[in-house]
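Residue numbers (the working numbering): 15 to 327.
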């Protein structure tokens, strides 16, 4: 409250939810570029970031429901948390039973890549709708739908054309069995990542639109307001210190500072939370602009800081 005085309790709740987020994608890419993806620090960062996002989604479900209901009571919060946990856990259990059967049903219609992609979209939309029926944020449902879908559920569908052609060429050329095994392993990995390729292409179209819409909501005039700048600096300091402090409990044998810095970026996850708060009328232009500044700063700060920490070693 002393950093952003005069806001409603729901605004503070949404601010806290946004600050809990950690961007897995940004840190994973930085670690990959540094050649540190297989280190102990990388495994801790990625694992903790995924758990952080799950907890963040639960917090988002609680906060968004509180905003909708309009009251903040312990019993209400407990019920919402219970619903979120039941949806995540129950959705994964029920979905694990439904997914292989749905996969066979979709494959009966068509075994091509387009139907494989349609199945992924259908799962995301259906679970997002089910989450909204339970009074939870649709993003919680979409996330649950993604957790359910495993590579083996797509086996009834055809392999990508290039994988089929390469396997046929290898078979015709009588390649050495050892080399054949390595090549087959690589091709199988690409087969499992096939659906990721399609969703990435969708992301290339949708993500820029998301960033443009987010930028359009930022009132440029507010960035010249000393109150916004002061709030941004205070939130940025809190955002950095809390994540670095969390890295100090990473345990022995790893660079704790690297773990803490790797958890700093809020990235696209924080933007989603902030946009939801703005869309629900909880965040005013001042708070929204301050949060966007913090998200951008943490995103830009992490790559060079993480590089310096690893070079120090």
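We put the CB at the ideal spot given by N, CA and C, even for glycine.
(request) Measure the C-alpha to C-alpha separation of residue 315 and residue 131 and round it to an integer number of angstroms. (result) In the chain shown, the residue the question calls residue 315 occupies position 301. In the chain shown, the residue the question calls residue 131 occupies position 117. Going by the C-alpha atoms only, they are around 35 angstroms apart.
(message) Since residue 278 and residue 254 should fall inside the 8 angstroms C-beta cutoff, what is the C-beta to C-beta distance between them, to a whole number of angstroms?
(response) Numbered from 1 along the chain shown, position 264 holds the residue referred to as residue 278. Numbered from 1 along the chain shown, position 240 holds the residue referred to as residue 254. Indeed they touch by this definition, with Cβ atoms about 6 angstroms apart.
(message) Given this structure, state the Cα-to-Cα distance separating residue 226 from residue 324, to the nearest angstrom.
(response) For the purposes of this step, residue 226 is taken as the residue at position 212 of the chain shown. For the purposes of this step, residue 324 is taken as the residue at position 310 of the chain shown. If I take the Cα positions, the gap works out to 34 angstroms.
(request) In the DSSP assignment, find the unbroken alpha helix (DSSP H) run with residue 26 in it and report its ends. (result) On the chain shown, residue 26 is found 12 positions in, with the first residue counted as 1. Counting along the chain, the alpha helix (DSSP H) containing residue 26 begins and ends at 23-34.
(message) Considering just the uninterrupted stretch of the alpha helix (DSSP H) at residue 109, what are its terminal residues?
(response) Within the chain shown, residue 109 is the residue found at index 95, counting from 1. Note, residue 109: alpha helix (DSSP H), 88-123.
(message) Buried or exposed for residue 244, going by 16 or more other Cβ atoms inside 10 Å?
(response) Looking up residue 244 in the chain shown gives position 230. With fewer than 16 other Cβ atoms within 10 Å, it is exposed.
(message) Can you look up residue 245 in the DSSP assignment and give me helix, strand or coil?
(response) Against the chain shown, residue 245 aligns to sequence position 231. Residue state, collapsed to three classes: helix.
(request) Determine, using beta-carbon pairs with one atom in the region 56-64 and one in the region 139-151, whether at least three such pairs fall under 8 angstroms. (result) No: fewer than three Cβ pairs fall under 8 angstroms.
(message) On the DSSP letters alone, give me the boundaries of the alpha helix (DSSP H) that residue 317 sits inside.
(response) Numbered from its first residue, the chain shown carries residue 317 at position 303. Run containing residue 317: 299-326, per the alpha helix (DSSP H) assignment.
(request) Spatial neighbours of residue 137 within its chain, please: CB distance less than 7 angstroms, with the 5 preceding and 5 following residues excluded, ordered by chain position. (result) For the purposes of this step, residue 137 is taken as the residue at position 123 of the chain shown. Same-chain partners within the cutoff: 159, 162 and 163.
(message) Between 79, 154 and 19, which has its C-alpha nearest residue 102's C-alpha?
(response) To locate residue 102, count along the chain shown from 1; it is residue 88. Minimum Cα distance to residue 102 is reached at 154.
(request) Return the CA-CA distance between residue 83 and residue 34, expressed in angstroms with no decimal places. (result) Locating residue 83 in the chain shown gives position 69, where the first residue counts as 1. Locating residue 34 in the chain shown gives position 20, where the first residue counts as 1. C-alpha separation (whole angstroms): 22 angstroms.
(message) Rounded to the nearest angstrom, what separates residue 252 and residue 28 at their Cα positions?
(response) As a working mapping, residue 252 is identified with position 238 in the chain shown. As a working mapping, residue 28 is identified with position 14 in the chain shown. Rounded to whole angstroms, residue 252 to residue 28 spans 16 angstroms at the Cα level.
(message) Given a cut-off of 8 angstroms on the beta-carbon distance, is the pair residue 25 and residue 297 in contact?
(response) Locating residue 25 in the chain shown gives position 11, where the first residue counts as 1. Locating residue 297 in the chain shown gives position 283, where the first residue counts as 1. Residue 297 sits close to residue 25, with the two beta carbons spaced by under 8 angstroms.
(message) If you measure between the beta carbons of residue 280 and residue 312, is that distance less than 8 angstroms?
(response) If you number the chain shown from 1, residue 280 lands on position 266. If you number the chain shown from 1, residue 312 lands on position 298. Their beta carbons are under 8 angstroms apart, which means residue 280 touches residue 312 by this criterion.
(message) Using only the alpha-carbon positions, how far apart do residue 150 and residue 134 sit?
(response) Walking along the chain shown from the start, residue 150 turns up at place 136. Walking along the chain shown from the start, residue 134 turns up at place 120. If I take the Cα positions, the gap works out to 21 angstroms.
(message) Using the three-state DSSP reduction, which class does residue 181 fall into: helix, strand or coil?
(response) The sequence position of residue 181 within the chain shown is 167, counting from 1. Looking at residue 181 - three-state DSSP - the assignment turns out to be helix.
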